Amino acid sequence: MGIRLDKPWERLDSDSVSSLQAQLGVYQVADDDGNVLSVGYAGAKHPFGIRSALEHEIRLHGKKAMLFRYEFTSNYRSRWDELLMLHLHDHGQLPDHQRDEEGRVGRLSPN
Amino acid sequence: MDFSLNEEQQMIVDTTRRFVQSEIVPLEDELDPDAGSLAPDDQDRLTTMTRSMGFYGLDIPEEYGGPGLNTTTRALMAIEMSQHRAGLYNPCYGVFGGAGLAQLYEATETQKERWLYPTLRGEKKGCFALTEPSGGSDPARAIQTRGFQDGDEWVLNGSKLYISGADKADYALVFARTSDDPGRNGVTAFIIDTDTPGFHVRRVVHTLRATNYATELQFEEMRVPKENILGELNGGFAIANDRLSRQRIPYAAGCIGPAIRAQEMAIDWAKNRDAFGSALAEKQAIQWMIVDNEIDIRHARYCVLEAAQKADSGERFRTEAAMAKLIASEASSRVVDRCIQIHGGVGVTKDLPLERWYRELRIRRIGEGPSEVQRLIMARDILGGSFK
Numbered sequence: 099m100g101i102r103l104d105k106p107w108e109r110l111d112s113d114s115v116s117s118l119q120a121q122l123g124v125y126q127v128a129d130d131d132g133n134v135l136s137v138g139y140a141g142a143k144h145p146f147g148i149r150s151a152l153e154h155e156i157r158l159h160g161k162k163a164m165l166f167r168y169e170f171t172s173n174y175r176s177r178w179d180e181l182l183m184l185h186l187h188d189h190g191q192l193p194d195h196q197r198d199e200e201g202r203v204g205r206l207s208p209n
Numbered sequence: 002m003d004f005s006l007n008e009e010q011q012m013i014v015d016t017t018r019r020f021v022q023s024e025i026v027p028l029e030d031e032l033d034p035d036a037g038s039l040a041p042d043d044q045d046r047l048t049t050m051t052r053s054m055g056f057y058g059l060d061i062p063e064e065y066g067g068p069g070l071n072t073t074t075r076a077l078m079a080i081e082m083s084q085h086r087a088g089l090y091n092p093c094y095g096v097f098g099g100a101g102l103a104q105l106y107e108a109t110e111t112q113k114e115r116w117l118y119p120t121l122r123g124e125k126k127g128c129f130a131l132t133e134p135s136g137g138s139d140p141a142r143a144i145q146t147r148g149f150q151d152g153d154e155w156v157l158n159g160s161k162l163y164i165s166g167a168d169k170a171d172y173a174l175v176f177a178r179t180s181d182d183p184g185r186n187g188v189t190a191f192i193i194d195t196d197t198p199g200f201h202v203r204r205v206v207h208t209l210r211a212t213n214y215a216t217e218l219q220f221e222e223m224r225v226p227k228e229n230i231l232g233e234l235n236g237g238f239a240i241a242n243d244r245l246s247r248q249r250i251p252y253a254a255g256c257i258g259p260a261i262r263a264q265e266m267a268i269d270w271a272k273n274r275d276a277f278g279s280a281l282a283e284k285q286a287i288q289w290m291i292v293d294n295e296i297d298i299r300h301a302r303y304c305v306l307e308a309a310q311k312a313d314s315g316e317r318f319r320t321e322a323a324m325a326k327l328i329a330s331e332a333s334s335r336v337v338d339r340c341i342q343i344h345g346g347v348g349v350t351k352d353l354p355l356e357r358w359y360r361e362l363r364i365r366r367i368g369e370g371p372s373e374v375q376r377l378i379m380a381r382d383i384l385g386g387s388f389k
């Protein structure tokens, strides 16, 4: 089983978000070129799960946030950490607004 | 056997209980229900508090600067420290400090300077890498990670599974087969810096546990200086086994905290929730569950304290520790299950900590030796005549 979130990107807009089920999970948000802007999770504090989390991302990034992909999982905390570590491994640093997490997350050396 | 607490133990228990209720639980109200860490500011503030209370580094031996608690007092604290949402696998989010890897107290002075003392100062973290994909209950025979000597170095190849903290560790205690002996006499312990070429943390292993996730490691032509051997060549199994025995009492004690808290929540709920014209607490079906909970909690507590007292008095305690681990992990699982039943629908939501304890307690019946291995240990002692 691959550990990367490598599903196809989907358009990020209010229609696509509102069509999602209100479940727990993880996601990536990217600009139009596929550059990841956020690696996030939808946890139990999000009233409508991944829908609420992605609505927050749209407000945070504005028009830069064009694409998203997601995965429903009840293991959202450990999966989120795994995706952060993968991003760190692949890019050398986390997305700008998540740099504070670099001191917390560990290091992976995936195949 | 006298299970009453002396004055000092009562003071420590009361102080720990107040700390958990006044400092930890309020922070959890704001955290994600599956969170495994505090905000850095809170972590620093609470660690400063535990240092000033003289409780930092609970498991560090007194000669290394620890508070010098005996096993009984440590078990009593473990029961209190686990009475919050993340308490089972991350009691008080680590603000009472860790001990590092206990095996390093047996290291050479050079090894202590390099790994133990920085760990005790909070500058380095270690992880314990024993279990492999080939099995964890019988590590002496299951270890397939191989090491061969090449001059002054050992070259290791293999993999490890379910290793907690490896992604954040500065070094790992790695067990590898170093002779043709297929059993316990062919295993050596190596202390290995995690930035050593060939040391790979391949993936997170997702489980029922919300925090302190496990990882899978792979070693590829990893070269380790012979000075990094801990203890004797081919003497590693005794080092691993010592940890497995030593850990059972605090591990068992930690299971009891969530059960106690769940029982308190269930009693409160049962007294205040009405159904069919009266409080749940007035219904025999609920009363019996509450009573069965109390029996399970007290049984587990007595077994843990008996094992701890035997350890403190220098008596053999292997059978008692195995019994405590088995009973505490299984009894606490039953208690939390009943408490969810008493709560009904809200019991399985993430609004309450019950569902997290329910998931995480399931792992406790497997971790640090499953119930069946605890029975095996007890059977050997009882039938072998060493248990009187």
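Which chain is which? The protein sequence lines are A and B, in order. Every number in the numbering used here is 98 more than the matching position in the first sequence, counting from 1. Every number in the numbering used here is 1 more than the matching position in the second sequence, counting from 1. From the three backbone atoms N, C-alpha and C, an ideal C-beta is built for every residue, glycine too. No experiment lies behind these values; they were computed from the predicted model shown.
Under the DSSP definition of a beta bridge, Trp-155 of chain B partners with B:Gln-150, B:Val-225. Residues of chain A with a Cβ closer than 7 Å to the Cβ of Ala-308 of chain B do not exist, since the nearest Cβ in that chain sits about 32 Å away.
A direct Cα-to-Cα measurement between Ala-120 of chain A and Ala-254 of chain B gives close to 38 Å. In the three-state reduction of the DSSP assignment, Gly-132 of chain A falls in the coil class. One thing to note: Asp-30 of chain B has its Cβ no nearer than 8 Å to the Cβ of Arg-175 of chain A. Annotation for Ile-192 of chain B: Gln-112, Trp-116, Tyr-172, Leu-174, Asn-229, Leu-231 place their beta carbon closer than 7 Å to its own, counting only its chain and skipping 5 residues before and after.
Of B:Glu-222, B:Val-337, B:Thr-132, B:Pro-183, the smallest CA-CA separation from His-201 of chain B is found for B:Glu-222. With respect to the 8 Å criterion, Gln-248 of chain B and Ile-298 of chain B are not classified as neighbours on the basis of their beta carbons. Here Ile-378 of chain B is near Arg-319 of chain B, since their CB atoms are less than 8 Å apart. With respect to the C-alpha of Gly-147 of chain A, the residue from A:Ala-163, A:Arg-157, A:Tyr-168, A:Val-134 having the closest C-alpha is A:Tyr-168.
Just measuring C-alpha positions, the residue of B:Thr-74, B:Gly-236, B:Val-156 sitting nearest Ala-108 of chain B is B:Gly-236. Around the CB of His-85 of chain B, 16 or more other CB atoms lie within 10 Å, so the residue is classed as buried. Closer than 8 Å to the CB of Ala-128 of chain A there is not a single CB belonging to chain B.
For Ala-177 of chain B, the uninterrupted beta strand (DSSP E) segment begins and ends at 172-178.
For Gly-141 of chain A, the closest alpha carbon among the candidates A:Ser-116, A:Asp-113, A:Thr-171, A:Ser-112 is that of A:Thr-171.
Chain A places no beta carbon closer than 8 Å to that of Ser-279 of chain B, leaving this residue out of the contacts. The continuous beta strand (DSSP E) containing Phe-129 of chain B extends over residues 127-130. Straight-line spacing of the CA atoms in Thr-72 of chain B and Gly-166 of chain B works out to 25 Å. In this structure, the beta-carbon distance from Ser-160 of chain B to Leu-218 of chain B falls below 8 Å. Fully enclosed alpha helix (DSSP H) runs of no fewer than 4 residues occupy 72-82, 118-121 of the region 53-138 of chain B, in order along the chain. The three-state reading of DSSP puts Thr-189 of chain B in strand, counting E and B together.
Scanning chain B for C-beta atoms nearer than 8 Å to the C-beta of Glu-155 of chain A yields nothing, as the closest lies near 17 Å away. As the crow flies, the alpha-carbon of Gln-288 of chain B is around 15 Å from that of Val-337 of chain B.
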